[in-house]
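Heads up: the sequence shown runs through residues 1 to 269, numbered per the UniProt record's numbering.
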Amino acid sequence: MTDRASGRTFEDLVEEGASVPTEGWDFSWFEGRASEARPSWGYATAVAVRLGAAEAVLDIQTGGGEVLDFALAQAPRRPGLAVATEGWPPNVAKATAVLRPRGVAVVASPEDASLPFADGAFDLVVSRHPVEARWQEIARVLADGGVYFAQHVGPGSVHELVEYFLGPQPDERRDARHPDRERRAAEAAGLEIVDLRAERLRIEFYDIAAVVHFLRKVIWMVPGFTVDAYLPRLRALHERIAAEGSFVAHSTRHLFHARKGTGARSGQV
């Protein structure tokens, strides 16, 4: 079947979606093929403001370094020390290329490993969409009065697409990232929650290539996804998009602003 909007066949679109590189968190390829509303708080810009008051900064799971790169470019002043971690080797290479010119050291560190830094080493820790917030480690590397400022993926994010491929999911999976659950874990690690906001945002996929690329890039949505394994469902979804114009889903995001202890530091934000 041919996509009426583009005149391209299902096979052409799937082949394209399966061939686009997945390194980093640059989503510019999706322009015109998918859209996602952005949270009202403007995470990257907010990080830039906080960088101006920080002395030692850690970006956890930096991806390809794109967000930290943007924030450093916009910051009123740069911190004296900036470090980023990343666990996926292709992203480590990309982040190093992006961030080294900014004076940022990128450390290869598995997502489930302890952070390879001394206690109290940073007055600002940031992270955009960590796979899992390891609160005890975050609290450990923060100095007294230091701040954790991050944007997390919320519960049931893009569940419409996940359940299209996997069927109804258990409540445990949909609630695993609930902000109230994460608040309790952060507080148990000794962090004080200064601000916690949550938003539900509309996503639209305009062709099947965007769906394929998204599922290859965000691998935890449909674990083990391959085109061959889900070819019949992909074809049916392609036909649905052609008939309806798009596939609509919703992402969930929450903004964490937490502080360790009550001590004041020059880098407190």
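Just so you know, even glycine gets a beta-carbon here, dropped at the ideal spot from N, CA and C.
Bear in mind the structure is a predicted one, so any value in this text is a computation, not a measurement.
Quiz item: Grouping DSSP H, G and I as helix and E and B as strand, with all else coil, what is D195?
Solution: Taking the first residue of the sequence shown as 1, we reach residue 195 at position 195. For D195, the secondary structure class from DSSP, reduced to helix, strand or coil, is strand.
Practice problem: Could you pull the start and end residues of the alpha helix (DSSP H) that S246 belongs to? | Solution: What you label residue 246 is simply residue 246 of the sequence shown in a count that begins at 1. Careful: S246 lies outside any alpha helix (DSSP H) and carries neither H nor E.
Quiz item: Just reading off the alpha helix (DSSP H) that Q136 is part of, what are its end residues?
Solution: Residue mapping note: residue 136 aligns to position 136 of the sequence shown, counting from 1. Counting along the chain, the alpha helix (DSSP H) containing Q136 begins and ends at 135-141.
Quiz prompt | Cβ shell of A264 (< 6 Å), same chain only, five flanking positions each side left out | solution = The residue given as residue 264 occupies position 264 in the sequence shown. Residue confidence is low: A264 scores 43 on pLDDT, short of 50, so the model does not pin down where it sits. Its coordinate-derived value is still stated next. If we look at A264 and ignore the five residues flanking it on each side, its Cβ neighbours are G145.
Quiz item: Exposed or buried, which one is P179 when buried takes at least 16 other CB atoms within 10 Å?
Solution: In the sequence shown, counting from the first residue as 1, residue 179 sits at position 179. Using a 10 angstroms sphere on the CB of P179, the tally of other CB atoms reaches 16 or more, which defines it as buried.
Quiz item: Would DSSP call G263 helix, strand or coil?
Solution: On the sequence shown, residue 263 is found 263 positions in, with the first residue counted as 1. For G263, the predicted model reports a pLDDT of 49, less than 50, meaning its position is unreliable and no value from the coordinates is stated.
Quiz item: Cα separation between E182 and T9?
Solution: By 1-based counting over the sequence shown, the position of residue 182 is 182. By 1-based counting over the sequence shown, the position of residue 9 is 9. The straight-line gap from Cα to Cα measures roughly 44 Å.
Self-check item: Minimum length 3: unbroken beta strand (DSSP E) runs contained in the region 62-148
Solution: Counting whole runs of 3 or more residues, the region 62-148 contains the beta strand (DSSP E) stretches 81-86, 105-108, 122-128.
Quiz item: Curious, which full-length beta strand (DSSP E) runs of at least 3 residues does the region 20-60 contain?
Solution: Counting whole runs of 3 or more residues, the region 20-60 contains the beta strand (DSSP E) stretches 34-36, 56-59.
Quiz item: Do residue 270 and R33 have their CB atoms nearer than 7 Å?
Solution: A query on residue 270 cannot be resolved here, the shown segment of the chain reaching from 1 to 269 and no further.
Self-check item: Heavy atom of the ligand ATP within 6 Å of D26 beta-carbon
Solution: This structure lacks the ligand ATP, and indeed carries no ligand of any kind.
Self-check item: Nearest residue (CA-CA) to A188, options P168, I138, T226, G167
Solution: Mapped onto the sequence shown, residue 188 falls at position 188. Nearest C-alpha to A188: I138.
Quiz item: Is it right to say V57 is buried, meaning 16 or more other beta carbons lie within 10 angstroms of its own, or is it exposed?
Solution: Taking the first residue of the sequence shown as position 1, residue 57 is located at position 57. Note on V57: 16 or more other CB atoms within 10 angstroms of its CB, so buried under the neighbour-count rule.
Exercise. Decide yes or no for the touch test of the region 77-84 against the region 143-162: beta carbon pairs closer than 8 Å, at least 3 of them.
Key: Remark: fewer than three beta-carbon pairs, one from each stretch, lie closer than 8 Å, so the region 77-84 and the region 143-162 are not flagged as touching.
Quiz item: Which of the three DSSP states, helix, strand or coil, is assigned to Q268?
Solution: Here residue 268 refers to the residue found at position 268 when the sequence shown is read from its first residue. For Q268, the pLDDT reaches just 49, beneath the cut-off of 50, and the residue's location in the model is therefore unreliable, although a value from the coordinates is still provided. Coil.
Practice problem: Identify whether residue 273 lies in helix, strand or coil by the three-state DSSP scheme. | Solution: Lying outside 1 to 269, the shown extent of the chain, residue 273 is not represented and no answer is given.
Practice problem: May I have the straight-line CA-CA distance separating G224 from W29, to the nearest angstrom? | Solution: As a working mapping, residue 224 is identified with position 224 in the sequence shown. As a working mapping, residue 29 is identified with position 29 in the sequence shown. Distance between the alpha carbons of G224 and W29: 22 Å.
Exercise. State the DSSP-derived secondary structure class of F10, mapped to helix, strand or coil.
Key: Here residue 10 corresponds to residue number 10 of the sequence shown, with the count starting at 1. Here F10 sits in helix by DSSP.
Exercise. Can you give me the Cβ contacts of F165 inside the same chain, cut-off strictly under 7 Å, excluding the 5 residues immediately before and after it?
Key: Here the question's residue 165 lines up with position 165 in the sequence shown. Non-local C-beta neighbours of F165 in its own chain, meaning closer than 7 Å and more than five positions away in sequence, comprise V222, Y230, R233, ordered along the chain.
Quiz item: Residues in its own chain within less than 6 Å of T22 by CB, not counting five upstream and five downstream?
Solution: By one-based count along the sequence shown, residue 22 stands at place 22. Excluding sequence neighbours, T22 sits near R216, K217.
Quiz item: Leaving out the 5 sequence neighbours to the left and right, which residues in its chain are closer than 7 Å to V194 when beta-carbon positions are compared?
Solution: Translated into the one-based positions of the sequence shown, residue 194 becomes position 194. Within the same chain, and ignoring the five residues on either side of V194 in sequence, the residues whose Cβ sits closer than 7 Å to its Cβ are H257, A258, R259.
Quiz item: Just checking my contact of L13 with H238 at CB under 8 Å: how many whole Å lie between their CB atoms?
Solution: In the sequence shown, residue 13 corresponds to position 13, counting from 1. In the sequence shown, residue 238 corresponds to position 238, counting from 1. With 8 Å as the limit, L13 and H238 qualify as a contact, their Cβ atoms being about 7 Å apart.
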